[in-house]
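As structure tokens, the structure follows; a few thoughts come after it.
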DNA sequence: CGTTACATACCGACCGGTTTGTATGCCCAA
DNA sequence: TTGGGCATACAAACCGGTCGGTATGTAACG
């Protein structure tokens, strides 16, 4: 936060560190973890190798930092839907679906999840990445499960269902949608799946 | 199918090629594509670099061959459910879910899909891989869509639904289940999702 | 049938370039 | 002046891919 010299190049280690993470996220979403080199990351961040290894012990540390940052950014994006407990929890879920559908309308970057990518590529061999990904996936699921539980209290469920199990169901569907959307180069497919997911959730409860 | 020498045959190029593909699949399921080196593949297949590049133009060619082989193996595994058109198509779908659930009970290797992994890791940068993965995912969806269409004729649908769209929904759910199952090291989760998927499909049609 | 000529299958050393990571020193703010 | 932020230079392993060579199977020809 200290800003002193207006002209000279600023030394802001926290910002530099974040620049490295941003660059990593940008590159990893495109090429995966193994496919992205430290040199490339440094270049993207306007930094040299020496500077990089000053901030991160190794490439793996950067990877976990990137996953954690992705998780924080994600919860921030979903916050609008998750945090406003004044509205009907079912409405909160609807808002969440709207946010997810909104991702498909942003042309700036593809609809992908770094956690999902990292899981597929690395979690079988790298325990640190596996744990980091599991944590983020758990977080998402917990939030959705909470909403489902709350919705269950407000609305009579049409049939019995377990909120946690259903939340994992929705998370899986979401991750799989992004996966297939990427392979088939189709945002439309993702949107269709979200529609079906929405009506699936609605169908859990009785009308009105 | 040329079969000449009845005795032991040292040189069997087709088998050698397959050995390389098998080794690739085995390693890639664990470490991904970029994470697996040609040297490693050769060692796993009991082969040398020179021999390898006699059979495949480059690493990418091997990758696409592996994806194609995975697709063929997959359709062979699902064949029992997909091909027996004598039974009720809804029953065919049930059998398919049983086959999928069966994957979670085989302790020999984790419940993962090479196409899904390849999609996440490579399809954004490598058009050949992207096309290969898209093709295999399309195949799976087409088969499921066919069954749903047939089921629609035999049973009255409870509400309107598009078989193709629903097939993509199920494919996404399946891929996402394997993804999350890997990250969370849980076969149980996959099984739960399959159960929900099964009742989702059942719920599309009227009872009886 | 036997020899020769050639194509195919495979080997393993090697190449240029890239990888992650280290050692060291400059530069600027406190 | 001192210590943290960052750059330069370099190391050592590893990468995909090439190349010369060898072993083996096959077909033509006498």
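Protein chains in written order, with our numbering: chain A, 1 to 208; chain B, 1001 to 1208. Where a beta carbon is used, it is the ideal one built from N, C-alpha and C, also for glycine. Given the structure is predicted, the values throughout are model-derived calculations rather than measurements.
Using the Cα positions of residue i and residue j, report the straight-line distance between them to the nearest angstrom.
i                      : j                      : result
residue 1058 (chain B) : residue 1025 (chain B) : 16 Å
residue 212 (chain A)  : residue 94 (chain A)   : Summary: the structure shown does not reach residue 212 (chain A), with chain A confined to residues 1 through 208, and so no result is reported for it.
residue 1187 (chain B) : residue 194 (chain A)  : 25 Å
residue 1150 (chain B) : residue 1064 (chain B) : 33 Å
residue 179 (chain A)  : residue 50 (chain A)   : 35 Å
residue 32 (chain A)   : residue 1145 (chain B) : 32 Å
residue 3 (chain A)    : residue 98 (chain A)   : Caution applies to residue 3 (chain A), whose pLDDT of 30 falls short of 50 and renders its modelled position unreliable; the value that the coordinates give is listed next. Taking the straight line from one Cα to the other gives about 39 Å.
residue 18 (chain A)   : residue 55 (chain A)   : 10 Å
residue 1203 (chain B) : residue 205 (chain A)  : 14 Å
residue 1062 (chain B) : residue 153 (chain A)  : 54 Å
residue 1169 (chain B) : residue 173 (chain A)  : 8 Å
residue 136 (chain A)  : residue 1086 (chain B) : 45 Å
residue 132 (chain A)  : residue 160 (chain A)  : 32 Å
residue 41 (chain A)   : residue 23 (chain A)   : 6 Å
residue 1106 (chain B) : residue 1112 (chain B) : 12 Å
residue 1005 (chain B) : residue 1012 (chain B) : Unreliable placement is indicated for residue 1005 (chain B), whose pLDDT of 28 sits below 50; the coordinate value is still reported in the next sentence. Answer to the nearest angstrom: the Cα atoms are 11 Å apart.
Can you pull the chain A residues whose beta carbon is under 9 Å from the beta carbon of residue i, in chain order?
i                      : result
residue 1109 (chain B) : Under the 9 Å cutoff, chain A gives no residues; its nearest Cβ is about 10 Å from residue 1109 (chain B).
residue 1096 (chain B) : Within 9 Å Cβ-Cβ: nothing; residue 1096 (chain B) doesn't reach chain A, min ~16 Å.
residue 1174 (chain B) : 172 and 176
residue 1125 (chain B) : 30, 31, 32 and 35
residue 1193 (chain B) : 165, 168, 169, 172 and 173
residue 1189 (chain B) : 165, 168 and 172
Got a sec, what are the start and stop residues for the alpha helix (DSSP H) residue i sits in?
i                      : result
residue 1057 (chain B) : Per DSSP, residue 1057 (chain B) belongs to no alpha helix (DSSP H) and is neither H nor E.
residue 205 (chain A)  : Taken as a continuous stretch (DSSP letters only), residue 205 (chain A) belongs to no alpha helix (DSSP H), as it is neither H nor E.
residue 172 (chain A)  : 163-183
Give me the chain B residues within the contact set of residue i, using Cβ-Cβ distance strictly less than 9 Å, ordered along the chain.
i                    : result
residue 42 (chain A) : Correct list: empty, because the minimum Cβ distance to chain B is about 19 Å.
Interface residues of chain B around residue i at Cβ under 8 Å?
i                     : result
residue 206 (chain A) : Within chain B, no residue comes near residue 206 (chain A); the closest Cβ sits about 15 Å away, beyond 8 Å.
residue 117 (chain A) : 1120 and 1121
residue 21 (chain A)  : Result: empty, since nearest Cβ-Cβ is about 20 Å, beyond 8 Å.
Can you name the residues of chain A whose CB is closer than 7 Å to the CB of residue i?
i                      : result
residue 1183 (chain B) : 119, 123, 130, 133, 134 and 137
So which residues on chain A does residue i lean against when the C-beta distance must stay under 8 Å?
i                      : result
residue 983 (chain B)  : Residue 983 (chain B) falls outside the range modelled here, since chain B spans only 1001 to 1208, and no answer is possible.
residue 1180 (chain B) : 119, 137, 168, 171, 172 and 175
residue 1196 (chain B) : 165, 166 and 169
Can you pull the chain B neighbours of residue i, defined as C-beta to C-beta under 7 Å?
i                     : result
residue 147 (chain A) : Near residue 147 (chain A) there are no residues of chain B at all, since even the closest Cβ is about 17 Å away, more than 7 Å.
residue 77 (chain A)  : Neighbours of residue 77 (chain A) on chain B: none; closest Cβ ~19 Å, over 7 Å.
*alpha helix (DSSP H) runs wholly inside the region 84-144 of chain A, at least 4 long, in chain order*: 89-103 and 114-122
*Taking only runs that begin and end inside the region 1013-1058 of chain B, name each unbroken alpha helix (DSSP H) of 4 or more residues, in chain order.*
List check, alpha helix (DSSP H) in window: 1013-1031, 1038-1045 and 1049-1055.
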